[in-house]
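Visitor: So for the sequence shown, the working numbering puts the first residue at 1242; every next one is plus one.
C-beta atoms are modelled at their ideal positions from N, C-alpha and C, and glycine is treated no differently.
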Amino acid sequence: MAFSQLIYVSDLVNKNEAELAPILESAVRRNPADGITGMLLYSGGNFLQVLEGDPAQVRLTYERICHDPRHTHITVLTEEEVAQRHFANWSMGYRQLSAEDVARFPDYAPYFKLGFKATAFDAKPGVALELLELFSKGML
C-alpha cells in the first residue's frame, strides 16, 4: 500500500500561542481515527507540518486545516506518494523550537529562527522533511 505524504507551512493567526494546545489536542484526537500520522513543528508564529496516510484522508485532513481560522498563509511544500510512513509512531508529534535549537542546529537555523517561510524551502525542498525527521527523533 502506498501512502500520501503532504508537507506544508502556515502562519498561526495573530501568533496567538494560546491556540497551540487546542490545535495539537484536535490533531491527537482526530488523526488516529482517520489513519493520519505526522509531525508538527512550531517556531516564531509559523508551523511546518507533515501529514501521512491514505491519500483521501490526507487530503481531507489538509482541507480541514485550510478551513481552520487559526491557520493562514497555508502553502504546500511537497505532496507525494511514499512506500512507508516516516512518522508512523506519531498520531501527531509536536515540538516548539527554541533558541537552544537554533544554537544546537546552526545549519538548519535559517529555516526556523524567524519562523517557517515557504520561500526559505524553495532552494532546497528536501530540507523540510529533514527538519521534521530530525526533531521527531529527539522525541522518541
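Return yes when the Cβ of L1281 is within less than 8 Å of the Cβ of Y1352, no when it is not.
Guide: The count along the sequence shown starts at 1 and reaches residue 1352 at position 111. The count along the sequence shown starts at 1 and reaches residue 1281 at position 40. Their beta carbons are not under 8 Å apart, which means Y1352 does not touch L1281 by this criterion.
Visitor: Of the choices G1367, L1301 and F1376, whose alpha-carbon is the least far from that of F1346?
Guide: Here the question's residue 1346 lines up with position 105 in the sequence shown. Ranking the options by Cα distance to F1346, first place goes to F1376.
Visitor: Output needed for N1272: all residues of its chain with C-beta closer than 6 Å, excluding positions within five of it in sequence on either side, in chain order.
Guide: In the sequence shown, counting from the first residue as 1, residue 1272 sits at position 31. The answer, listed in chain order, is S1332 and M1333.
Visitor: Please confirm whether L1253 and A1369 have their CB atoms less than 8 Å apart.
Guide: To locate residue 1253, count along the sequence shown from 1; it is residue 12. To locate residue 1369, count along the sequence shown from 1; it is residue 128. For L1253 and A1369, no; Cβs fall outside 8 Å.
Visitor: Spatial neighbours of L1381 within its chain, please: CB distance less than 8 Å, with the 5 preceding and 5 following residues excluded, ordered by chain position.
Guide: The count along the sequence shown starts at 1 and reaches residue 1381 at position 140. Caution applies to L1381, whose pLDDT of 39 falls short of 50 and renders its modelled position unreliable; the value that the coordinates give is listed next. N1330.
Visitor: According to DSSP, which residues form a beta bridge with Q1246?
Guide: If you number the sequence shown from 1, residue 1246 lands on position 5. Answer is E1293 and E1321, bridged to Q1246.
Visitor: Three or more beta-carbon pairs under 8 Å between the stretch 1249 to 1269 and the stretch 1357 to 1366, yes or no?
Guide: yes
Visitor: Assuming F1328 and G1286 make a contact with CB atoms under 8 Å, what is their CB distance in whole Å?
Guide: Here residue 1328 corresponds to residue number 87 of the sequence shown, with the count starting at 1. Here residue 1286 corresponds to residue number 45 of the sequence shown, with the count starting at 1. The beta carbons of F1328 and G1286 sit about 23 Å from each other, so the pair does not count as a contact at 8 Å.
Visitor: Taking the straight line between their C-alpha atoms, what separation do you get for E1322 and Y1303?
Guide: Here residue 1322 is taken as the residue at index 81 of the sequence shown, counted from 1. Here residue 1303 is taken as the residue at index 62 of the sequence shown, counted from 1. Distance between the alpha carbons of E1322 and Y1303 is about 15 Å.
Visitor: Going straight from the alpha carbon of L1292 to that of S1245, what length do you get?
Guide: In the sequence shown, the residue the question calls residue 1292 occupies position 51. In the sequence shown, the residue the question calls residue 1245 occupies position 4. S1245 has its alpha-carbon roughly 8 Å from the corresponding atom of L1292.
Visitor: Classify V1317 as buried or exposed, calling it buried when 16 or more other Cβ atoms lie within 10 Å of its own Cβ.
Guide: Working through the sequence shown from its first residue, we reach residue 1317 at position 76. Per the 10 Å Cβ criterion, exposed.
Visitor: One question on the structure: do P1366 and T1313 come within less than 8 Å of each other, judged by their Cβ atoms?
Guide: If you number the sequence shown from 1, residue 1366 lands on position 125. If you number the sequence shown from 1, residue 1313 lands on position 72. Cβ distance not < 8 Å, so P1366 and T1313 don't count as in contact.
Visitor: In three-state terms, what does DSSP make of D1252?
Guide: For the purposes of this step, residue 1252 is taken as residue 11 along the sequence shown, with counting starting at 1. Strand, per DSSP.
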